[in-house]
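Presented below is the structure to which this report refers.
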Amino acid sequence: MTIQLQDPSLLKTQAFIDGLWVDSDCGETFAVTDPATGQPLADVASVGATETRRAIAAAERAMTEWKALPAKSRSEILEKWHRLIIENTEDLAVIMTAEQGKTLAESRGEVAYGASFIKWFAEEGKRVYGDIIPTPQTDRRGVVVKQPVGVVAAITPWNFPNAMITRKAGPALAVGCAIVLKPAAETPLSALALVELANRAGLPAGLFNVVPGSDAPSIGGEMTSNPTVKKVTFTGSTPVGKLLMQQCANTVKRTSMELGGNAPVVIFDDADLDLAVAGALTAKYRNSGQTCICANRLLVQEGIYDAFVEKFAAAVSEFRIGNGFDASTTHGPVISEKAAKEIDAKVQNAVAEGATVVIGGQPGEQGGCFYQPTVLTNVNDSMRVFREEIFGPVAPVFKFKTEEDAVRMANDTEFGLAAYLYTESMGRSWRVSEALEYGMVGVNETAISSEVIPFGGVKESGQGREGSKYGLDDYLETKYICFGAL
Ligand code: ADP
81 MTIQLQDPSL LKTQAFIDGL WVDSDCGETF AVTDPATGQP LADVASVGAT ETRRAIAAAE
141 RAMTEWKALP AKSRSEILEK WHRLIIENTE DLAVIMTAEQ GKTLAESRGE VAYGASFIKW
201 FAEEGKRVYG DIIPTPQTDR RGVVVKQPVG VVAAITPWNF PNAMITRKAG PALAVGCAIV
261 LKPAAETPLS ALALVELANR AGLPAGLFNV VPGSDAPSIG GEMTSNPTVK KVTFTGSTPV
321 GKLLMQQCAN TVKRTSMELG GNAPVVIFDD ADLDLAVAGA LTAKYRNSGQ TCICANRLLV
381 QEGIYDAFVE KFAAAVSEFR IGNGFDASTT HGPVISEKAA KEIDAKVQNA VAEGATVVIG
441 GQPGEQGGCF YQPTVLTNVN DSMRVFREEI FGPVAPVFKF KTEEDAVRMA NDTEFGLAAY
501 LYTESMGRSW RVSEALEYGM VGVNETAISS EVIPFGGVKE SGQGREGSKY GLDDYLETKY
561 ICFGAL
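For this note's numbering, add 80 to where a residue sits in the sequence shown, where the first one is 1.
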């Protein structure tokens, strides 16, 4: 093991089922590696359908008492879990940087962001209100109550190994559900440390189970076919999301899907240029371009285009890519060599079709998982960098003439997660925000996410919302009770 922690007992490598740390039934494991160095970090238990089935059964048993508790009692445990996450920020950040690659500063930020969902839903879970409906008949009343949806299965990605879990587990547990989680095989250690802290916070056995594994279809197949699971919540790619939705159809499970994006940043001639450059830099290069709300396409109006590209590329030239543990590193590696190769294939496709590389455009020299921060001009809508999610540190800068063109280009995608626009015109900011077919729009701001806002997409970017008061709805059923003969 190469991960040095203040509390080494946070480094867990087994599955957590029904309150116990267990190996896989066959003793199988899979390796977790550091993308910055390629070095192995740990061998983690690789479970399959059988262990997942056991976890689901444990979740069902545990839910009976949990959902009957007052919300205040559930909240107290979640508050304690939140405190433990904050107290262990440094260790959680070290684990995250080791297995995911992002800089330590970014990891610390994610731990705080992840923890905020536990705190928020500990509070919000106490506010699950119903309704009393005046009926057309005088002798009866309609009452609406909200009840926990049932056992929740969650599948999460590697780009935010902490926060993508807490924003599912937080609301699920707060309203009285139990959860079975399959973390990404690239980043299971963050998930296992989180559940260890939940256990220390006093969360009863069976309520939060973690089933790591390298055979995702086997675990996912059980989660989506087992009739005890009433809800599947997924963050990941659109193709896998579609597959899971199809699988869930057989038992009519509810689903929440947070899928791919193709975010435009639309920068108008009347934008504050420095603000737009700073916002676009954050939106594009955060987590080395590996977030689903990362800017994928910069759309810049012709009058400001050259000035924007010059300032933007100058700022990118200041970036230092390297190991996330080095204090001088501004941007870490991408998750795998395969990912770096896919990013390069999209860049080379653009170049072959006439794009100009302003800066970058090559794999990084630091190792197989590195890619140079890249800016491309002379790009057009037939290139892969326009149509596909890049998920890497590559910024294609497209030129547009009119507001109408900008809206058409921005919406010319099957995705609809986040979009951003920069303008100093009040009228335009309203018009364009309303015309953009996206679940979230940032006006003169790209750091749009927090626990208090509804995060989610439209079109093939998914369904459901995470965070905010709306984030509870994904884990609640609406029940109507008719009181008659009054
Ligand atoms: P990414 O490209 O970000 O890795 P994926 O959609 O492939 O996105 O992965 C997101 C999560 O979905 C991971 O936890 C992964 O293991 C899981 N996953 C991938 N394929 C399947 C599948 N067929 N069934 C269930 N889960 C899957």
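For each residue, glycine too, the CB sits at the ideal point set by N, CA and C.
Coarse secondary structure for residue i, derived from DSSP in three states
i	result
F616	As displayed, the chain neither begins before 81 nor continues past 566, which places residue 616 out of reach and without an answer.
S336	strand
F450	coil
K310	strand
T315	strand
Q370	coil
K479	strand
P150	coil
E557	strand
E276	helix
Q543	strand
N491	helix
L516	coil
I401	strand
L91	coil
F466	helix
L85	coil
F240	coil
L456	strand
A527	coil
D354	helix
P297	helix
T117	coil
Q217	coil
L323	helix
D105	coil
D461	coil
G256	coil
V396	helix
V229	coil
G189	helix
K206	helix
K182	coil
T144	helix
Residues bridged to residue i (per DSSP)
i	result
Y500	V345 and G522
C562	G222
I97	L100
R377	P344
K41	Outside the shown range of the chain, which is 81 to 566, sits residue 41, and nothing can be said about it.
P112	The question names Pro, but residue 112 is Val in the sequence shown. Paired residues: A122.
D211	V224
V290	F96 and L261
F535	E546
Expected contact under 8 angstroms - CB spacing of residue i and residue j to nearest Å
i	j	result
V437	T454	7 angstroms
A53	K92	A question about residue 53 goes unanswered here, because the residues of the chain that appear run from 81 up to 566.
F535	E546	5 angstroms
G181	G404	6 angstroms
G448	E417	4 angstroms
S153	A254	Not confirmed; about 11 angstroms, so no contact.
A243	A142	Going by Cβ atoms, the distance from A243 to A142 rounds to 24 angstroms, so no, they are not a contact pair.
T267	E398	Incorrect: roughly 28 angstroms between the Cβ atoms, too far for contact.
D349	I299	About 51 angstroms; that fails the 8 angstroms criterion.
W146	L323	30 angstroms between Cβ atoms; not a contact.
A430	V459	6 angstroms
V229	L556	6 angstroms
E572	S126	As shown, the chain starts at 81 and ends at 566. That puts residue 572 outside it, with no answer to give.
R490	P344	Looking at the sequence shown, residue 490 is not Arg but Ala. Sure, about 4 angstroms apart at Cβ, within 8 angstroms.
S530	S196	7 angstroms
Contact with chain D by residue i, beta-carbon distance below 7 angstroms
i	result
M325	Given the protein chain composition of this structure (a single chain), no chain D is represented.
**Three-pair Cβ contact test at 8 angstroms for the segment 129–136 versus the segment 87–101** = yes
**Message:** Assess contact between the segment 330–340 and the segment 361–370, defined as three or more Cβ pairs (one per stretch) separated by less than 8 angstroms. Is contact present?
**Reply:** no
**Message:** Below 8 angstroms, how does it come out for the segment 501–513 and the segment 470–489: are there three or more Cβ pairs, yes or no?
**Reply:** yes
**Prompt:** Which full runs of the beta strand (DSSP E) of 3+ residues lie inside the segment 405–452, going along the chain?
**Reply:** DSSP runs (the beta strand (DSSP E)) wholly in the segment 405–452: 436–439.
**Asked** Is it true that the segment 306–313 meets the segment 324–335, where meeting means three or more beta-carbon pairs spaced less than 8 angstroms apart?
**Response** yes
**Message:** Check whether the segment 420–432 and the segment 271–285 touch, using three or more Cβ-Cβ pairs below 8 angstroms as the test.
**Reply:** no
**Message:** Using a Cβ distance threshold of 8 angstroms, determine whether the segment 162–170 contacts the segment 184–192, with at least three qualifying pairs required.
**Reply:** yes
**Request:** Could you say if the segment 366–378 and the segment 467–478 meet the contact criterion of at least three C-beta pairs nearer than 8 angstroms?
**Result:** yes
**Message:** Check whether the segment 257–268 and the segment 228–242 touch, using three or more Cβ-Cβ pairs below 8 angstroms as the test.
**Reply:** yes
**Message:** Contact between the segment 172–179 and the segment 203–215 is defined here as three or more beta-carbon pairs at a separation below 8 angstroms; is this criterion met?
**Reply:** no
**Asked** Is the segment 197–211 touching the segment 551–562, taking contact as three or more C-beta pairs under 8 angstroms?
**Response** yes
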